[in-house]
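Engineer: Its first residue numbered -12, the sequence shown is counted upward by one per residue in the numbering used here. Quick reminder that beta carbons are idealized off the backbone N, C-alpha and C, glycines included. Since this is a predicted model, take the numbers as computed values, not measurements. The structure's right below; bear with me while I get my questions together.
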Amino acid sequence: MRYECGICYAIFAVFELLRLHLYVHRFEKMFTCNLGGCNLSFKSYSTFDGHLRTSHGAASSTSRHELKYKCTAEGCSFSNNNFETISQHLRDHLGQGICVSCPVLDCQNKIFKNKNSYYIHNSRDH
């Protein structure tokens, strides 16, 4: 029988060797989020996956490579799969006096200078 490490996929003939091997990973932060400039690292896959869902709106880590919405403020690398989350993020930029464009791909030619105009656009078009 073969025993495989679920973290690094090393194979062991004896379960006890796998169990001892797992101590290697005990303090490692093997899972790193690279979305939107985040760069947080996690010890467990489940914590990493939860972070992707709650912080970035990703359905799961399988969709971690490309998020649907990207912040349109110059110099900001925030991205998310949830429209409400990205909209709130853009409103924060607008509150700081930073112009943004709509995060929806077909609407990115529309530029907003204040929260009110962005709110009206979202209410009407999305």
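Within its chain, find whatever has a CB closer than 7 Å to the CB of Gly(-7); leave out the 5 residues flanking it on each side and keep chain order.
Structural biologist: Hits under 7 Å: none found.
Engineer: Are there 16 or more other CB atoms within 10 angstroms of the CB of Asn26, so buried, or fewer, so exposed?
Structural biologist: By the neighbour-count rule (16 or more Cβ atoms within 10 Å), Asn26 is not buried but exposed.
Engineer: Roughly how many angstroms lie between the CA atoms of Lys100 and Tyr(-10), to the nearest whole one?
Structural biologist: Cα-Cα distance, rounded: 58 Å.
Engineer: May I ask which residues mark the beginning and end of the alpha helix (DSSP H) holding Tyr105?
Structural biologist: Counting along the chain, the alpha helix (DSSP H) containing Tyr105 begins and ends at 102 to 112.
Engineer: Let me know the secondary structure DSSP gives Val11 once reduced to three states.
Structural biologist: In this structure, Val11 counts as helix in the three-state DSSP scheme.
Engineer: Does DSSP classify Tyr56 as helix, strand or coil?
Structural biologist: Residue state, collapsed to three classes: strand.
Engineer: Cα-Cα, which of Leu81, Ile73, Phe70 is closest to Asn103?
Structural biologist: Among Leu81, Ile73, Phe70, the Cα nearest to that of Asn103 belongs to Leu81.
Engineer: Where DSSP assigns a beta bridge to Glu(-9), which residues make up the other side?
Structural biologist: For Glu(-9), which the question treats as bridged, DSSP gives the partners Ile(-2).
Engineer: Less than 9 Å between the C-beta atoms of Lys57 and Gly24, yes or no?
Structural biologist: No, these two residues do not count as a Cβ contact at 9 Å.
Engineer: Residue range of the alpha helix (DSSP H) that Gly82 falls in?
Structural biologist: Run containing Gly82: 70 to 82, per the alpha helix (DSSP H) assignment.
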